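Comments concern the structure below.
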Amino acid sequence: MPRFAANLSMMYTEHDFLDRFAAAAADGFKAVEFLFPYEHAPSDIAQRLRDHGLTQALFNLPPGDWAGGERGMAALPGREAEFAASVQQALMYAQATGCRRLHVMAGMTPAGADRDAMRRTYVANLRHAAAQFAPHGITALIEPINTRDMPGYFLNFQQQAHDVVAEVGASNLKVQMDLYHCQIMEGDLLMRLKRHLAGVGHLQIAGVPQRHEPDTGEVHYRWLFDEIDALGYEGYIGCEYRPREGTSAGLGWFAPYKERQS
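Position 135 of the sequence shown, counting from 1, maps to 135 under UniProt numbering, and the rest follow consecutively.
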């Protein structure tokens, strides 16, 4: 039975951020995720989770200068100290909220960059993050992102991500497999799920190509959810999509699963 987490950075944007927790719970979600919590105190987010009986499924480490176009720093040589500080900041929020999955963004590839040096930096930083998270039962995640939405991002393909995980060699490092990104870059979703699911720590969804609700476009999600169940996936599926109109009005796809969330 798929367990869904509402992505509060993309869904319920008709509400102020801290009010989105209540809106998601009212619609039947039992878990939430979002990109970044850092504009709010850890205690404020933890209180909203408790008030509405929600599980925090996932959030991202600080990305650097997001407004300036940065998308993480784990693969950026020379930013190691800043990255280590971001690990500690995220850990503070994870401990407050009970979150056990943290996405470590790789970063953008600068023009003329030495990709081998970036990979070495990435592997070293991921080892550091995994070691810091392990005593707290937290899994670090890395996510391949498509080159259309985020041109220049360092990590783009599923096998590429699993190769990095193998090189890092930490048991609490896994891949965040966003089926929206995967469909755009590679397709063949079920076969890729079968090949890689043992190394996947979190799934995400959105309709392709517009990134709206998972009830339209190229991917037959209703069928795919049954296949994911049959493969034995027990984690959350993050709903990282942009509603076509109001969030609640677009949840017809969720109705068959609503009463079976836990």
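For each residue, glycine too, the CB sits at the ideal point set by N, CA and C. Note that the structure is a prediction, hence the values are computed from the model and not measured.
Only buried fits Trp-253, as 16 or more other CB atoms lie within 10 angstroms of its CB. Here Asp-188 is exposed: its Cβ has fewer than 16 other Cβ atoms, across all protein chains shown, within 10 Å. The C-alpha of Gly-107 is placed about 18 Å away from the C-alpha of Met-185. For Leu-251, same chain residues with a beta-carbon under 7 Å away, outside a window of 5 residues either side, are Asp-27 in chain order.
When rounded, the separation of the alpha-carbon atoms in Phe-34 and Asn-60 is 8 Å. By the neighbour-count criterion, in which 16 or more other beta carbons inside 10 Å mark a residue as buried, His-202 falls on the buried side. Relative to Lys-174, the option among Met-150, Pro-144 and Asp-116 whose CA is nearest is Pro-144. In the three-state scheme derived from DSSP, where H, G and I count as helix and E and B as strand, Met-1 is classed as coil. Beta-carbon to beta-carbon, Gln-158 and Arg-192 are separated by about 6 Å, close enough to satisfy the 8 Å threshold.
Given a length threshold of 3 residues, each whole run of the beta strand (DSSP E) inside the region 137 to 222 is given here in chain order: 139 to 142, 173 to 178 and 200 to 205. Look at Tyr-241 here: in three-state DSSP terms it is coil, with no helix or strand label. With contacts defined as CB atoms closer than 8 Å, Arg-101 and Leu-141 qualify as a contacting pair. Shown here for Pro-62: same chain residues with a beta carbon closer than 8 Å to its own, the five before and five after excluded, namely Phe-36, Tyr-38, Ser-86, Gln-89 and Ala-90 in chain order.
Relative to His-52, the option among Asp-178, Ala-22 and Ala-249 whose CA is nearest is Ala-22. Of the candidates Ala-206, Leu-54 and Leu-18, Leu-54 places its Cα closest to the Cα of Ala-31.
When C-alpha distances from Gly-199 are compared across Gly-207, Gly-64 and Gly-232, the shortest belongs to Gly-232. DSSP places Glu-33 within a strand segment (E or B) once states are collapsed to three.
For Ala-134, the closest C-alpha among the options Met-177, Glu-240 and Ala-94 is that of Ala-94. A distance of 8 Å or more separates the beta carbons of Asn-7 and Glu-80. Within the same chain, and ignoring the five residues on either side of Arg-260 in sequence, the residues whose Cβ sits closer than 8 Å to its Cβ are Met-1. Distance from the CA of Gln-183 to the CA of Glu-14, rounded to the nearest whole angstrom, comes to 28 Å.
For Phe-17, the closest alpha carbon among the candidates Arg-48, Gln-204 and Ala-5 is that of Arg-48. Linking Leu-76 to Arg-115 through their CA atoms gives a straight-line distance of about 10 Å. Met-150 is the residue among Met-150, Gln-176 and Val-208 whose C-alpha sits nearest the C-alpha of Trp-66.
For the region 57 to 121, the continuous beta strand (DSSP E) assignments of 3+ residues that do not extend past its boundaries occur at 101 to 103, in sequence order.
Counting the other CB atoms within 10 Å of its CB gives Arg-148 a total below 16, which places it among the exposed residues.
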